[in-house]
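Working notes, structure below.
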Amino acid sequence: MISAPRHVARIPSWAHPAVLLAHMGKVRAGHAAHLATIATPHVRYLAIIPEIVMLGGAVLLLAGGSLVQRQMRARVATFATMAVSGAALGVSLWQWADVTSHGPFTSVDHAVIVDGFSALVNVLVCCAMFLTALVADGYLRRERVDGAEMYVLAMVSATGAMVMGSANDLIVVFLGLEILSIALYVLAAFNHRRAASGEAALKYFILGSFSSAVFVYGIALVYGATGTSNLAQVAGFLSKNVLASDGLLLAGMSLLVVGFGFKIAAVPFHMWTPDVYQGAPSPITGFMAAVAKAGAFAAFLRVFVSSFGLLRTDWQPVVYALAVVTLLLGAGLAVVQRDVKRMLAYSSINHAGFVLLGLEAATARGVSASLYYLFAYTFMVIGSFAVVTVLGRRGDAAHDIASYRGLARRQPALALAFAVLLLAQAGAPFTTGLWAKLQVLLAAVDHQVPLAVIAMVSAAVAAFFYLRVAVLMYTPLPEAGALPGVEPPAEDAVPLFVGLGASGAVDPAALERALADTRPESVDQLRAAQTVPARPVWTGTDRNVAGLDRLNAGLLLDEDPMTLALVGARTAAPSLALDTLAGGGGDTTDLSNVGPVGAVRVPPLAAIAIGLCLAVTVVFGFWPGPLTSFAHHATLLFLP
Amino acid sequence: MTSATHAFPYLTVLVLLPAGGGLAVALLGAVRDLPRVVVEWFGIAVSLATLGLAIAVAALFATTTGGFQFVSYHVWASGVGVHWELGVDGISLFLVLLAAVLFPIVLAGARTRTDAPSFIAWMLLLECACLGSFVSVDLILFFFFFELTLVPSYFIISGWGYARRAYAAVKFFVYTFLGSAFLLVGILVVAFVHKEQTGVLTFSLPALEHTHFSSAGGILLFLAFTAAFAIKAPLFPFHTWSPDAYTEAPTGGSMVLSAVLAKLGTYGILQFDLRLFPRASVDLAPLLLTLAVVGILYGAIVACAQRDLKRVVTYSSLAQMGFVALGIFAFTTQGLTGGVLLMLNHGLITAALFLLIGWVYERRQTWQVTELRGLQAPAPVLAAVFTVVMLASIGLPGLNGFVSEFLVLSGTFLTHRWWAVVATAGVVLAAVYLLWAYQQVFHGKVDLANSTTRDLSWAERVVIAPLIIVIVFLGVYPKPVLDRITPTVNALVAQVDAATHTHQPAVARRGLAAFHDAQAKTKKPSR
Chain C
1 MISAPRHVAR IPSWAHPAVL LAHMGKVRAG HAAHLATIAT PHVRYLAIIP EIVMLGGAVL
61 LLAGGSLVQR QMRARVATFA TMAVSGAALG VSLWQWADVT SHGPFTSVDH AVIVDGFSAL
121 VNVLVCCAMF LTALVADGYL RRERVDGAEM YVLAMVSATG AMVMGSANDL IVVFLGLEIL
181 SIALYVLAAF NHRRAASGEA ALKYFILGSF SSAVFVYGIA LVYGATGTSN LAQVAGFLSK
241 NVLASDGLLL AGMSLLVVGF GFKIAAVPFH MWTPDVYQGA PSPITGFMAA VAKAGAFAAF
301 LRVFVSSFGL LRTDWQPVVY ALAVVTLLLG AGLAVVQRDV KRMLAYSSIN HAGFVLLGLE
361 AATARGVSAS LYYLFAYTFM VIGSFAVVTV LGRRGDAAHD IASYRGLARR QPALALAFAV
421 LLLAQAGAPF TTGLWAKLQV LLAAVDHQVP LAVIAMVSAA VAAFFYLRVA VLMYTPLPEA
481 GALPGVEPPA EDAVPLFVGL GASGAVDPAA LERALADTRP ESVDQLRAAQ TVPARPVWTG
541 TDRNVAGLDR LNAGLLLDED PMTLALVGAR TAAPSLALDT LAGGGGDTTD LSNVGPVGAV
601 RVPPLAAIAI GLCLAVTVVF GFWPGPLTSF AHHATLLFLP
Chain F
1 MTSATHAFPY LTVLVLLPAG GGLAVALLGA VRDLPRVVVE WFGIAVSLAT LGLAIAVAAL
61 FATTTGGFQF VSYHVWASGV GVHWELGVDG ISLFLVLLAA VLFPIVLAGA RTRTDAPSFI
121 AWMLLLECAC LGSFVSVDLI LFFFFFELTL VPSYFIISGW GYARRAYAAV KFFVYTFLGS
181 AFLLVGILVV AFVHKEQTGV LTFSLPALEH THFSSAGGIL LFLAFTAAFA IKAPLFPFHT
241 WSPDAYTEAP TGGSMVLSAV LAKLGTYGIL QFDLRLFPRA SVDLAPLLLT LAVVGILYGA
301 IVACAQRDLK RVVTYSSLAQ MGFVALGIFA FTTQGLTGGV LLMLNHGLIT AALFLLIGWV
361 YERRQTWQVT ELRGLQAPAP VLAAVFTVVM LASIGLPGLN GFVSEFLVLS GTFLTHRWWA
421 VVATAGVVLA AVYLLWAYQQ VFHGKVDLAN STTRDLSWAE RVVIAPLIIV IVFLGVYPKP
481 VLDRITPTVN ALVAQVDAAT HTHQPAVARR GLAAFHDAQA KTKKPSR
């Protein structure tokens, strides 16, 4: 299509919009003729075909949705998304096969690279998208949201992550970062009925744009120091030249670390994570945890290990420090969470710390371990959030840890699946979780034994909160005296008000007993926050939502059982808003959604998604060979 | 490494059989209207099949070699250097047997009323994890099973325990997991040092044995490994989780925790600390011997002050584990043999004690010594069985406890005289607290509340009988056990001696002979 003679690009190739456009799969050759000095790069479409498929699918879906008169049914959009991501997955796998047989190559004037690393990231992102579609279907139908917007945004975001994985130029990294992020900002606000969602999105957007600016500035400084933004050329420049004063480069690198640190949610750039994870629709949270992290880490690994590999002694201490605080704070703060989504948010921060271990090692083993970790984590986290989505009930709000009590009795299969996924995240043996931890630690002990020790200590703390949920699920709501030797604890008198008790279906007294019994002591201390009935569970944090409260008074009610009851009593005719309120506030109010014993109906597609995630986690836990060699080969083919 | 391989993969099946059984029980539990008895018998049958397999391994075990036998070796995760490598030697053989004997007894004797299928499934999974830990030769595989023990134990304590079970379970889990965090890093460092020296990344114990560590590095690694094992055992001062966990766990949980899981700690010290870091072990032996002696005295003194039967046994357990550590760090054949034997004997005795105390609780709903009185009159068989087990725990000649305690103390006396002298006080104290507790509970004039206590049913007698038989048998004729332990222990002592250029006193090598001399003198009074 385009092929002007390929000059030595004195003006960096990325400066021309054609490169960027080419990357997006829309190459306009016509203009190139006018600019004699600038060559339009040759595009090998094989290089970017997964991105084209994903983005093209998204555009078609959006167009289709806009052209049809009625809103597109959620189910239709789901199947379209599954088809698109399945196709992209197939193309990615084919790309993997091509790369393993013919070797890696670059395209679009070396701005895009196709190697095992990028193919693995593509496969990962496509799997995540596919699974998210399975999970989101039930969610959209439950929340009565039609239209394809959520899927379109998610697919665009996935494209961004894939671009980041195959970027060979800092500008393309930035491009991917922005494509990824902007769609995610909107997705975070998708649950527009909840003020928290809007607040989280705003927070995410402001901090995110700030970090993007920092990132871009970092690119500028690196360009200023090395004269190129191409990753391979940066590496080449650094190998041939010794900078007399490297302040510019170091400043650029540190700004890049900040930008990446924000996207991977490393402490101290993690502030947005808990709020966004909690505020976003649950299926999207899982997607975000898997895809945003994978994309950002892919670029982080590639830029720092390959381009700045020679300067590793300069950046390793920074990453070391980041890893330490990320590991410890992530695990430490997760312990005190009462909301499962928030807890998983902090746990994802902890996981980011583990992946940083592989980056800190800056060896082939480290990169391969990080890739393995990201791959394993994708399935664990999407599976976990799939369960959380299903259990969120109407309004996607029943995420208090107390509502998980006795789940094993109500829904044994779901409880078992969640328990296994949580234990896998904790690093239980014979799951991919422990293999992942094992590999990053193996990379870390090479030269940083203290870091490995810190990581394992944080894993011990993390195990505690995963187990807390797991055990709560297996602690039945007891009838008095059901178990031998159980004396009702003295704290029974403490009034406990949680979302679960709002409806009349559950006897509050029994619930209080149940909550008081067999709770770990550290949780008891937290109960103080719970004893204030007028305060929604999820606002028991440092956020000040008072202003938003007033603005959205009507919408915010859905979290507050007391007010909900009042509203319910006052209003005779249930409007759509009230319907949501009722579903969101109480646990069992919406009888259409609730089985006879308070069991939640598991949508079949979500069940398939959970099953797939579980299968990958456990099967490859027992049989680690294929996945480890996948990650290993991806690293071997990693073209610096 | 000598490896007598067999065509039939005994150990792999041994490990996987309970896991499969557990899975089957979990599935059976999902079937509605299935009588509980069916599930219970299925669980017992699986554990009995495992026991049969373990006995077959013991019978085919060659007494001529000290290396691993029945080795099964498969590549598992090649890129990471982890292998599915199982093997059994003289030290692990009897721990495997111990676990295999105890689990059927737990399943038959310490049944739960609520949610039996889950309890049995967790128990069988725990059995798989315990057996797997004992037969793993690959360090990472060992770590996997070592960690896997935590999950079922946690669920058993928190699901079926007594009043403060959640607290106890969390404490247990966090302590142990923290310990194993150091263990994992230690294992990885050992493998890396080995890789730097040989270029091969492997976690196989026989290969890693030949790794050389700097003296400081060796000591740090030794401490990392020992942290995990000392917590698991538990050894003083890492024992603080155990009184809560042992007391709050259900009867079956207490039995397994104290009898089998505790052995994982001392087994780890024996098998990994001594083999991988012989020099650090010898250098730090005075420290560990001191901790062991402090643990013996502390456990005994605190046990004297307890009014709760379960806590008495818990603290006596702490003292006994101190004896095991004493025997190990004496670095004599006698001491080590005694230590291994004591692990076995303590497992049998403590399991029996916890089981009997659990039965007392079933009848009287209390463990408080002050509320129990004169049980001998309404329940003579219970009293008689309790007497035998208690005397074995005290170390009465003719019962199994004596043999191991004698070997430990005499082995320690040869190399570390004063530690042995002080530790002997623990033996005396054991008699004090156990006899006192026994006297309070079974003797005296029976009051109204205690007069209706049921005696042991026939089913209960059948369950406890194997334990009593083994306790007496090992007291009278421990030779078959010692024959199998000694080659491995000799090899281990030789290895430590060679690495540290020390020599144990010649007399200490006469482990068996010394014991027979002693037994000849003590046989008459015991009959």
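The listed protein sequences correspond, in order, to chains C and F. Counting from 1, one number per residue, gives the positions in the first sequence under the working numbering. Counting from 1, one number per residue, gives the positions in the second sequence under the working numbering. By construction, the Cβ of each residue, glycine as well, lies at the ideal position given by its N, Cα and C atoms. Every value quoted in this text rests on a predicted model; they were computed, and no experiment measured them.
Open item on the list: Check whether chain C comes within 9 Å of F:A449, counting only Cβ atoms and requiring the distance to be less than that.
Closed with: So no, F:A449 is outside the interface.
Open item on the list: According to DSSP, is C:A167 part of a helix, a strand, or is it coil?
Closed with: For C:A167, the three-state secondary structure derived from DSSP is strand.
- [ ] Check whether the Cβ atoms of C:L605 and C:T78 sit closer than 9 Å, and answer yes or no.
- [x] Yes, the pair counts as a contact, with Cβ atoms nearer than the cut-off.
Task: DSSP bridge partner residues for F:E85 (one or two, in chain order) - done: F:Y73.
TODO: Identify, in the order they occur along the chain, each residue of the same chain with its Cβ nearer than 6 Å to the Cβ of C:G286, setting aside the five sequence neighbours on each side.
DONE: Here the set comprises V381, I382, F385.
- [ ] Would you tell me roughly how many angstroms separate the C-alpha atoms of C:A213 and C:A298, rounded to the nearest one?
- [x] Between C:A213 and C:A298, the C-alpha separation is close to 20 Å.
TODO: Answer with buried or exposed for C:G227, where buried requires no fewer than 16 other C-beta atoms within 10 angstroms of its C-beta.
DONE: Exposed.
TODO: Use the C-beta contact count for F:T198: other C-beta atoms within 10 angstroms, 16 or more gives buried, fewer gives exposed.
DONE: Exposed, since its Cβ has fewer than 16 Cβ neighbours within 10 Å.
Open item on the list: Just to confirm, is the Cβ distance from C:Q425 to C:Y372 under 9 Å?
Closed with: Taking 9 Å as the Cβ cut-off, C:Q425 and C:Y372 do not qualify as a contacting pair.
Open item on the list: Taking 8 Å as the cut-off, does the segment 178 to 193 of chain C touch the segment 103 to 121 of chain C (at least 3 CB pairs, one atom from each stretch)?
Closed with: The answer is no - the segment 178 to 193 of chain C does not touch the segment 103 to 121 of chain C, with fewer than three Cβ pairs under 8 Å.
Open item on the list: I want to see whether chain C comes within less than 9 Å of F:D579, judged by CB atoms only; does it?
Closed with: Nothing can be reported for residue 579 of chain F, as the shown portion of chain F is limited to 1 through 527.
Task: Whole-angstrom C-beta distance between C:S166 and C:V234, which should lie under 8 Å - done: With 8 Å as the limit, C:V234 and C:S166 do not qualify as a contact, their Cβ atoms being about 17 Å apart.
Open item on the list: If you reduce the DSSP assignment to three classes, tell me which class F:D138 lands in.
Closed with: Here F:D138 sits in strand by DSSP.
TODO: Please check the pair F:N490 and F:T333, which I expect to be a contact at CB under 8 Å, by giving their CB distance rounded to whole angstroms.
DONE: Yes, they are in contact, since the Cβ atoms of F:N490 and F:T333 sit about 6 Å apart, within 8 Å.
Open item on the list: To the nearest angstrom, how far is the alpha carbon of F:Y10 from that of F:G67?
Closed with: Approximately 17 Å, taken between the alpha carbons.
Task: 6 Å Cβ shell around F:T63 - same chain, five flanking residues per side excluded - done: Closer than 6 Å at the Cβ level, and outside the excluded window around F:T63, lie D483, R484.
Task: Close beta carbons around C:V186, own chain, < 8 Å, minus the five adjacent residues each side - done: For C:V186, where only same-chain residues beyond five positions count, the Cβ hits under 8 Å are L153, A201.
Task: Within chain F, partners of C:T628 - CB distance below 7 Å - done: At a beta-carbon threshold of 7 Å, the residues of chain F lying near C:T628 are A77, G79, V80, ordered along the chain.
Open item on the list: Does F:Q368 come out as helix, strand or coil in the three-state DSSP assignment?
Closed with: Note: F:Q368 maps to strand in three-state DSSP.
Task: Given 8 Å, three or more beta-carbon pairs between the segment 355 to 375 of chain C and the segment 322 to 337 of chain C - done: The segment 355 to 375 of chain C, when compared against the segment 322 to 337 of chain C, does touch it at the 8 Å Cβ threshold.
TODO: Could you tell me whether any Cβ in chain C is nearer than 9 Å to the Cβ of F:G159?
DONE: Interface with chain C (9 Å Cβ-Cβ cutoff): F:G159 is included.
Open item on the list: For C:D109, count the other beta carbons within 10 Å of its own beta carbon; 16 or more makes it buried, fewer makes it exposed. Which is it?
Closed with: Looking at its Cβ environment, which holds 16 or more other Cβ atoms inside 10 Å, C:D109 is buried.
Task: Separation of F:R279 from C:Q525, as counted between CA atoms - done: With a pLDDT of only 43 at C:Q525, under the threshold of 50, the placement of this residue in the model should not be trusted; the figure read from the coordinates follows. For C:Q525 and F:R279, the gap between their C-alpha atoms comes out near 47 Å.
Task: Check whether C:F465 and C:V335 have beta carbons under 9 Å apart - done: The Cβ atoms of C:F465 and C:V335 lie closer than 9 Å to each other.
TODO: Spell out whether any CB of chain F is found under 9 Å from the CB atom of C:H632.
DONE: Residue-level contact by beta carbon holds for C:H632 and chain F, with a gap shorter than 9 Å.
Open item on the list: Can you look up C:H632 in the DSSP assignment and give me helix, strand or coil?
Closed with: Correct three-state label for C:H632: helix.
Task: Reduced DSSP secondary structure (H/G/I, E/B, other) of C:S107 - done: Looking at C:S107 - three-state DSSP - the assignment turns out to be strand.
Open item on the list: Can you confirm whether F:V185, when its beta carbon is compared against all beta carbons of chain C, has any partner nearer than 9 Å?
Closed with: For F:V185, at least one C-beta of chain C is nearer than 9 Å to its own C-beta.
Task: Contact check, F:P237 vs F:G179, beta carbons under 9 Å - done: No.
Open item on the list: Helix, strand or coil for F:S457? Go by DSSP, reduced to three states.
Closed with: F:S457 sits in coil when the DSSP states are folded into three classes, being neither helix nor strand.
- [ ] Take F:V462 and list the residues in its own chain whose beta-carbon comes closer than 7 Å to its own, dropping the five residues that flank it on each side.
- [x] Sequence-distant partners of F:V462 (beyond 5 residues in either direction) whose C-beta falls short of 7 Å from its own C-beta are missing from its chain.
Open item on the list: Please determine whether the Cβ atom of F:V489 lies at a distance below 8 Å from any heavy atom of the ligand GTP.
Closed with: Summarising the ligand content, the structure contains no ligands, and the ligand GTP is consequently not present.
Task: Secondary structure of C:V600, DSSP reduced to three states - done: C:V600 falls in the strand class under three-state DSSP.
- [ ] Using a threshold of 9 Å, state whether the C-beta atoms of C:D339 and C:H399 are closer than that.
- [x] Their beta carbons are under 9 Å apart, which means C:D339 touches C:H399 by this criterion.
TODO: Report all residues from its chain with a CB closer than 6 Å to the CB of C:R365; omit the five preceding and five following residues, and keep chain order.
DONE: Hits under 6 Å: A443.
Open item on the list: Can you find the residues in the same chain that come closer than 6 Å, C-beta to C-beta, to F:E405, ignoring five residues on each side of it along the sequence?
Closed with: Cβ contact annotation for F:E405 (same chain, cutoff 6 Å, sequence separation greater than five): G395, in chain order.
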